[in-house]
Amino acid sequence: MKFISVTAGVMTALLFSSAAIADDPVTMNISGKVTASPCTVDGDSINKTIDLGNGQPIQTSTLYEAGSATPWITFHINLKDCPAGTTKATITFAGTPDEDNPDDMYKNSGTATNVAVQLQGTGGDKFGNGKSWTGVVDKDTYTYNLKTRAFTQNGQVSPGTINAVVTASFTYQ
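According to mature numbering (1 follows the signal peptide of the UniProt record, and there is no 0), the sequence shown holds residues -22 to -1, 1 to 151 in order.
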């Protein structure tokens, strides 16, 4: 009989202690993030090489005066196969900024001196280092219409090469 009453006492204690633990509230924070799926960058838009002289050497006389520039060269970056639900695509440009015009020009890493590279949208928006452009995807595509040229802030450009590397990265909404 003593054995049964001890067992019953232990069972009663366990029953009440588990009830006390079960009374504590439990909070669960459940979260997630839905992101837009990426578009495909068209093959013709990857690793672009743009000749600022349009197939011809640039004459020093073209860039002799302060504020002078070569003619604009237009080009495109095309996105395609944008999945349903992707409504906007943002391109962000990155490169070494020019010392004289860090907000809207890229440094020439070639041998010509006193010259930088400008990058703009065909509508005139300036796209220096860190600048972005958001476009609305239409029927699973978007085209960024861009233009570039050599520009001299101070004039008297010396003969040599003009090189600037600009990287474009994309985010989607």
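Backbone N, C-alpha and C define an ideal beta-carbon position, used for all residues, glycine too. Here the structure is a predicted model, which is why all the values come from computation and not from measurement.
Considering only residues of the same chain and omitting the five flanking positions on each side of residue i, which have a CB-CB separation below 8 Å?
i           : result
residue 87  : 74, 141, 142 and 143
residue 149 : 67, 68 and 70
residue 36  : 30, 48, 128 and 140
residue -17 : Note that residue -17 scores 49 on pLDDT, short of 50, meaning its location in the model is unreliable and no value can be drawn from it.
Can you tell which of the options has the C-alpha that lies nearest to the C-alpha of residue i?
i           : options           : result
residue 134 : 12, 46 and 32     : 46
residue 77  : 64, 68, 92 and 66 : 92
residue 48  : 54, 31, 55 and 57 : 31
residue 116 : 125, 85 and 58    : 58
residue 72  : 42, 111, 41 and 2 : 111
Once you ignore the five residues that flank residue i on each side, which residues in its own chain have a CB closer than 7 Å to its CB?
i           : result
residue 139 : 88, 89 and 90
residue 109 : 71
residue 121 : 54 and 56
I'd like to check one pair, residue j with residue i: are the Cβ atoms closer than 8 Å?
i           : j           : result
residue 70  : residue 137 : no
residue 151 : residue 14  : yes
residue 79  : residue 94  : yes
residue 67  : residue 113 : yes
residue 5   : residue 60  : no
residue 52  : residue 123 : yes
residue 146 : residue 55  : yes
Please list, in chain order, all residues of the same chain as residue i whose beta carbon is under 6 Å from its beta carbon, the five residues on each side excluded.
i           : result
residue 34  : none
residue 96  : 83, 127 and 129
residue 81  : 106
residue -21 : Confidence at residue -21 is low in this model, with a pLDDT of 49, below 50, so the placement of that residue is unreliable and no value is reported for it.
residue 18  : 58 and 59
residue 125 : 50, 52, 98 and 100
residue 16  : 150
With DSSP as the reference, please indicate the residues paired to residue i in a beta bridge.
i           : result
residue 112 : 68
residue 137 : The partner list for residue 137 (beta bridge, DSSP) is empty, contrary to what the question assumes.
residue 147 : 70
residue 35  : DSSP lists no partner for residue 35.
residue 85  : 94
residue 55  : 122
residue 99  : 124
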